[in-house]
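Residue numbers (UniProt numbering), protein chains in the order written: chain A, 1 to 442; chain B, 1 to 442.
Think of the CB as a built atom: it goes at the ideal place given N, C-alpha and C, for glycine as much as any other residue.
As the structure is a prediction and not an experimental result, all values here were calculated from the model.
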């Protein structure tokens, strides 16, 4: 506890940003953490807990009472409330339901609404806290209302005033930088009509795929986006800090999928769920490897008569796997970033095949010479060279076309593509090498 | 050109957001594009060109005159000017230098300043356009100045008023949502002192690593960050839209490094640079594969006496490679996201080893039974099972410890780790399997 005392002596927690408190907490041992968490100001506790890694969040919420948790949740904005309750439910269902019961009815309703959205839907990431006005309100009055909302901590981090009609349909979005130079004595709509700027709101629908929303943020350089329902009624907003998390999560998901990992199972920091999901992937890979072995088995007579083939054969398969993974990774990533579209398919496949083929020829020459010298047998060099060219050609072709095909079939190109690709490069690698050896050398 | 005409009939380009224009341009053929680009309003041309994929940017700038390009650049904000000139220089150095000469001296200076930063430094991503004031200015006057700046298009997308002292050192940052509810008749500092809020600015230093800046944005949920020099003098700002690009780029970089790709070479859409970088990686992989073959060669007598070993041996190496890649990917990604720190090393290695070991035992049993039945030889099953356990244990251990070690040595853990790992899993896989077979079966 000495460390902790030092921190308290040198820091005034109540004046700190939650992120700064988190930084200190992360350096503490588990025991210190559960004691230190009691010292965090109550109105920051929710933000602090949410910013901790999952493992520490679990420790923290277990050490807090229902009352303390309830207070922490009440201080959060709606999207964070929903996220907090979701995580809490995963740690301790009973505690979560007690905390939920203790919340204000409005908060409960909002949490339920957000939890009803699928994780992939824009709605699940929005917050309900908004700064809105009608177009015939005097700007001065709108700003007075805003001052009150700010004082009551009802809205934070506001960048836009959303103008809705009487049915709550979104009509305009006014950046605060525009609002600031409006004539405060006039109505909103008088100001809008007097300005050269366009106040047409950029918006997304609550059920829209969050991946599309990310692209809207990126393309339009937004820091906030209005979320409406299918009828155009303003529901909430998504802000730039959500984007950072979502962009990171999507990239992690993709990287993990390519390596045969499940991002949600890995997040947990528990061994069993992660291990199970990894085993599923390894099982697929085992089938692939056995298929490759069956191909090798076809040539057992050839192998028996020339042990050099057994020694060299993994080289062709390995180079094919690596070259294929290169093509695959580029295509999967560029598809995700929207840098290549379906219309580009032929161009992309052609490019990948050419690169693979050039490298195939290059490494065919190198390994051909090495094999010929190593085993003092010129034709062995020809065999391994030819099979290298064939396998790298196939690696480039399948590395590019498998993800493009999966995408066309509306399947996540990161998930299944690696196992399909390595099946191809293993089977083609062994078959071409041993087949050519049988034909040419025996 | 029929398509193009259709677009023009149905869209009013001058009223559109650059992102919407880009969406249309992307659907056009190359010929149509170079004609359509002439129809883009001059003040949007720079933004539109920058938002196009590199390949199309090249087509566009080649079809434009120096005058047109110069006009396009002048309309951009400083960070975009710097980015545009950099890209233009890559396409056509002479044209770039003519355009540069045609720019206003201030613009030239700013571009040079930004180009002087390394890409990894925060400074290279900032823009100089700021909304600043001194603390003893009356708020009303500050807003009047802001209205003028906005009218002249000098500042866009403003979210903060930065308060500096006479030496231009940053003292406070006032969000526009706070500014809006200030008493306009008083000075800035009077308002700040009357408020409960903290106006202490969150800032980064221009030479700071951009990866640290990303973490600041993520942790503090920022949409804009002030950039100061080492003496605290305000230089510029970085905004959330830069973050989206940077987060995406870093994820791409990492994914590409893991697969043996160079992100910059791949961006170019040219075959030669990408192919060369890929060949370097494949050359490393070839050395690894040859090392594995040398290991196999140690056991040529064993292989000659039992062809089943040649048929089965790729299975052990392949499973090890896959299990190792799983551990490696998790550790590399979580290091990048800041979810694990150096202090966690033992916990992470332990976790990865346990998962790999459990899966090793599981797949040892499965492949053991398959091998024993396939070749009707019980002890062959024991041999492959044991070597599976050994190799998956090593895969978990090296998959976790290699990136942790590289990180500790201050080397990017994504770059070298895959090749080190597969060397281990190939060599251990073949050595343990063939070694055990020699010892047990012969």
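Check: Per-residue DSSP class, three states only, for residue 334 of chain A; Outcome: helix
Check: Neighbour-count burial assignment, residue 333 of chain B, 16 or more Cβ in a 10 Å radius; Outcome: buried
Check: Amino acids of chain B, ordered along the chain, whose beta-carbon sits closer than 9 Å to that of residue 74 of chain A; Outcome: Chain B residues near residue 74 of chain A: none, gap ~19 Å exceeds 9 Å.
Check: 7 Å Cβ shell around residue 414 of chain B - same chain, five flanking residues per side excluded; Outcome: 254, 257, 258, 332
Check: Proximal residues to residue 136 of chain A (C-beta, below 8 Å), its chain only, five neighbours per side dropped; Outcome: 187, 188, 189
Check: Per-residue DSSP class, three states only, for residue 267 of chain B; Outcome: helix
Check: Beta-carbon proximity of residue 353 of chain A to residue 405 of chain A, cut-off 8 Å; Outcome: no
Check: Sequence-distant residues of its chain with Cβ nearer than 8 Å to residue 50 of chain B (five each side left out); Outcome: 57, 76, 80, 83, 84, 87
Check: Exposure of residue 442 of chain A, with buried meaning 16 or more beta-carbon neighbours within 10 Å; Outcome: exposed
Check: Alpha carbon of residue 219 of chain B to alpha carbon of residue 19 of chain A, nearest angstrom; Outcome: 6 Å
Check: Candidates B:102, B:36, B:55, of which the one nearest residue 339 of chain A by Cα; Outcome: B:55
Check: Which residues DSSP lists as bridging residue 172 of chain A, in chain order; Outcome: A:163
Check: CB contact flag (residue 78 of chain A, residue 156 of chain A, <8 Å); Outcome: no
Check: Secondary structure of residue 209 of chain B, DSSP reduced to three states; Outcome: strand
Check: Three-state class that DSSP yields for residue 445 of chain A in the structure shown; Outcome: Only positions 1 to 442 of chain A appear in this structure, which leaves residue 445 of chain A out of reach.
Check: Chain-order list of residues whose beta-carbon lies under 6 Å from that of residue 242 of chain A (same chain, five-residue window excluded); Outcome: 125
Check: 8 Å Cβ cutoff, residue 333 of chain B in contact with chain A; Outcome: yes
Check: Members of the region 338-354 of chain A that neighbour chain B once the beta carbon cut-off is set at 7 Å; Outcome: 339, 351, 354
Check: Cβ contact (3+ pairs, closer than 8 Å) linking the region 109-123 of chain B and the region 141-156 of chain B; Outcome: no
Check: Those residues which DSSP pairs with residue 133 of chain A across a bridge; Outcome: A:163
Check: For residue 345 of chain B, the first and last residue of its enclosing alpha helix (DSSP H); Outcome: 345-374
Check: The beta strand (DSSP E) enclosing residue 236 of chain A, as first and last residue numbers; Outcome: 234-239
Check: Listed by chain order, chain A residues near residue 217 of chain B by CB distance under 9 Å; Outcome: 240, 241, 244
Check: Per-residue contacts from residue 53 of chain B into chain A (C-beta, under 8 Å); Outcome: 339
Check: Coil, strand or helix - residue 226 of chain B by DSSP; Outcome: strand
Check: For residue 168 of chain A, the nearest candidate out of A:110, A:230, A:370, A:198 (CA to CA); Outcome: A:230
Check: Any C-beta of chain A under 8 Å from that of residue 104 of chain B; Outcome: no
Check: Neighbour flag for residue 180 of chain B against chain A, beta carbons, 8 Å; Outcome: yes
Check: Chain B within 8 Å of residue 448 of chain A, Cβ atoms only; Outcome: Outside the shown range of chain A (1 to 442) lies residue 448 of chain A, about which nothing can therefore be said.
Check: Under 9 Å from the C-beta of residue 162 of chain A: neighbouring residues of chain B; Outcome: Here the premise fails: no neighbours, minimum Cβ distance about 14 Å.
Check: Rounded Cβ spacing between residue 396 of chain B and residue 362 of chain B (contact assumed at less than 8 Å); Outcome: Their Cβ separation, rounded to whole angstroms, is 13 Å, which puts residue 396 of chain B and residue 362 of chain B out of contact at 8 Å.
Check: Cutoff 8 Å: residue 323 of chain B Cβ touching any chain A Cβ; Outcome: yes
Check: Rounded straight-line distance, which links the Cα of residue 421 of chain A to that of residue 297 of chain A; Outcome: 21 Å
Check: As assigned by DSSP and simplified to three states, the class of residue 119 of chain A; Outcome: coil
Check: Helix, strand or coil at residue 440 of chain A [DSSP, three-state]; Outcome: helix
Check: Bridge partner(s) assigned by DSSP for residue 276 of chain A; Outcome: BP columns for residue 276 of chain A are empty, so no partner.
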